[in-house]
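Worksheet: the structure to be examined is printed underneath.
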Amino acid sequence: MLRPDFLSEELQQGPPPSSWADFTAPRLRQFPHYKENVTFHSVLGSGVDGTVLKVRFGDGEPVAMKIASRPSHPP
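The sequence shown lines up with residues 12 to 86 when you count with the numbering used here.
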């Protein structure tokens, strides 16, 4: 499967890349705990852009996770 151009192979650890080249072609780094089990705790809020959930990855601390909603039709 091809990886979209806006995704990076790097893990999201440390400060984000900040060279000029990084700003001209920004890429999302991978969440470091993406392979761990996710435990849902509660809904923190929602709006037109999506929903924010309180979740826990593995045995870690609870964090807020935003699930962005996609429009059902092209813009």
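All C-beta atoms in this analysis are idealised placements derived from N, C-alpha and C, irrespective of residue type, glycine included.
For Phe42, the secondary structure class from DSSP, reduced to helix, strand or coil, is coil.
Selection Val66, Ala79, Ser80 evaluated against Tyr45 yields Val66 as nearest (Cα-Cα).
Here Phe17 is actually not in contact with Arg40; their C-beta atoms are around 11 angstroms apart, not less than 8 angstroms. Taking 3 residues as the minimum length, the beta strand (DSSP E) runs contained wholly in the segment 18 to 70 are 18 to 22, 39 to 41, 49 to 58, 61 to 68, in order along the chain. Note on geometry: alpha-carbon atoms of Leu55 and Asp70 lie some 20 angstroms from one another.
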